[in-house]
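In full-length UniProt numbering, the protein residues as written are 1 to 317. Cβ atoms here follow ideal geometry from the backbone N, Cα and C, with glycine treated the same way. In this text the structure is predicted, and so the values were computed from the model without any measurement. Here is the structure we will look at, set down as structure tokens.
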Amino acid sequence: MNASLITIRSAEENEFIRQTFTRLTLWLGARRVSGTRQWKWIDGSDVIYTNWNPGEPNNDDTEECIQYYNNGPHAGFWNDYPCTPRRESAICEITLSDKEETKDEYSCEEGWTQFEQICYLWNTTEVSQKDNDAYCTFLNSKMVSIHSQSQLSFLNSKLSNLRFWTAGIRDKNDRNKFTWSDGTTWDFVNWAVNEPTRFSIEKCVVVSAGRYFTENCNNQHIQICQKNVTSKTSQSNAINQTYIFHQLLEMKYEILDLMTKLPESEALQNARAEHSDSHVYVFAIFFLVIFGVIAYLGATFYKNNGVRFGNTLLYTK
């Protein structure tokens, strides 16, 4: 099978494991280098991304393996633990071959900028945090949440002199606690000096020059959205289905043109002789039926697969 214990190299992977394998305590494929505080994955690479439980690792000489908690208040966090036999669950992973990986390529749609496995889109129009959230929802995406220094550095390199909204919000029940509104773990912070403030009106988080600031959510700043990369196959399917949708709409003009060329039946001619508006009534009813069918089919495509509007793929949920 050529598989190994799982390795977690980003906040996105950590969150995926948390949501997929609930109520389990797992072994990760990492070991502490004996006599040091350095950790390495089973393939020999350094453990760079971590999500240790508060107070961990405590670096006990006998604790050279890593447990992954996935139940209770510590779900998603790591703990160093002795590598002795223990009835923990295990998840194995397999690295796809180059041939398998080329079956489908992942990228961002036109207009979006990719960093690692995330696509970003920013708009320099300044709006409130609520309007930024609505803008991202409209684009089938979410407001940006930050989980590493590399991600923050990337965003700062693109928007270094601008202040932009994030998905960070102050907890309603704890003024000193902050969360990401997309539900991901609040695992990386880089507050500015004297931040966060305790002003109750400052409930949202913005980033400026690579630092976090609390602000009134009604203030106006640059808007930015993020979403996972998508397969080129999915993008192609969406384009093809959009083409079909527009072809259906075009059919109504062909139907109308055909109807104007069809000879009227004797019954319709008689009706027309008796009432000059009969032809208009029949025509209108027939048109409404045909257009209703087209609209229904088009709406179904739109709902299930999205419709491209300029450089944006629009969805309804």
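- S141 and S181 have their C-alpha atoms some 13 Å from each other.
- Residues of the same chain with a CB within less than 7 Å of the CB of S4, apart from the 5 flanking positions on each side, are G29, I42, C92 and E93 in chain order.
- Look at A192 here: in three-state DSSP terms it is coil, with no helix or strand label.
- Assignment of H74 by DSSP, reduced to helix, strand and coil, places it in the helix class.
- Counted as a single uninterrupted DSSP element, the stretch harbouring A3 is not any beta strand (DSSP E), since DSSP gives it neither H nor E.
- The region 122-131 makes no contact with the region 33-47, as fewer than three CB pairs between them are under 8 Å.
- A Cβ-Cβ separation of about 4 Å places R163 in contact with S208 under the 8 Å criterion.
- The criterion of a C-beta distance shorter than 8 Å is satisfied by Q223 and N123.
- Taking the Cα of N70 as reference, the smallest distance to any Cα among D80, T22, P85 and R31 is reached at T22.
- Taking the C-beta atoms as reference points, N51 is found nearer than 8 Å to T185.
- The DSSP assignment places 11-20 as complete runs of the alpha helix (DSSP H) inside the region 8-66, in order along the chain (cut-off: 4 residues).
- A residue is called buried when at least 16 other Cβ atoms come within 10 angstroms of its Cβ; V33 does not meet this threshold and is exposed.
- Annotation: the continuous beta strand (DSSP E) that includes Q114 extends over T113 to F115.
- For the pair S45 and I8, the Cα-to-Cα distance works out to about 12 Å.
- Listed in chain order, the non-local C-beta contacts of P85 below 8 Å within the same chain number zero, local neighbours out to five positions each way being set aside.
- Counting along the chain, T84 sits inside no alpha helix (DSSP H), nor does DSSP assign it H or E at all.
- Restricted to the region 142-173, the beta strand (DSSP E) segments that are unbroken, complete and at least 3 residues in length are 164-170, listed in chain order.
- Sorting T25, M143 and T113 by C-alpha distance to the C-alpha of G72 places T25 at the top.
- In this structure, Y106 is the residue among Y106, N194 and W78 with its C-alpha nearest to the C-alpha of V229.
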